[in-house]
Amino acid sequence: MKKNKVGCNHRRSQLPKPISMTNSSSVLSRVAASSKTRIRWTQDLHNQFVECVNRLGAADKATPEEILKIMDASGLTILQVKSHLQVLLFISQLWMFLVY
Numbered sequence: 001m002k003k004n005k006v007g008c009n010h011r012r013s014q015l016p017k018p019i020s021m022t023n024s025s026s027v028l029s030r031v032a033a034s035s036k037t038r039i040r041w042t043q044d045l046h047n048q049f050v051e052c053v054n055r056l057g058a059a060d061k062a063t064p065e066e067i068l069k070i071m072d073a074s075g076l077t078i079l080q081v082k083s084h085l086q087v088l089l090f091i092s093q094l095w096m097f098l099v100y
């Protein structure tokens, strides 16, 4: 048996064949683009988001489902709201850490 570069004993015929990156990368980029759509949080959209969060109590009390329902913004998904809420929570916790 031959040793490969990482020190494992394998025969060349047992090693997996390399994947063609030209075909797989284009498929992966199409899948990623269709499953996640990135939006630009404009100042107006962010202000509307913060207003909804404040109406629901606070960032740690508001749920993404409630925020999405109150915002009623076309094209906005629950994943985008969840992500933005996580950022808001992180920034508020960071702010509290830096102030105190």
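Counting from 1, position 93 in the sequence shown corresponds to residue 93 in the UniProt record's numbering; the numbering is continuous, with no gaps. Just so you know, even glycine gets a beta-carbon here, dropped at the ideal spot from N, CA and C.
Which first and last residues belong to the alpha helix (DSSP H) in which residue i is found?
i   : result
R55 : 43 to 55
Quick check on DSSP: helix, strand or coil for residue i?
i   : result
Q80 : helix
I67 : helix
S74 : coil
I39 : coil
Would residue i be called buried (16 or more neighbouring beta carbons within 10 Å of its own) or exposed?
i   : result
H46 : exposed
Give the straight-line distance between the Cα atoms of residue i and residue j, rounded to the nearest whole angstrom.
i   : j    : result
K61 : I39  : 24 Å
L88 : Y100 : 18 Å
T63 : L79  : 12 Å
C52 : F90  : 18 Å
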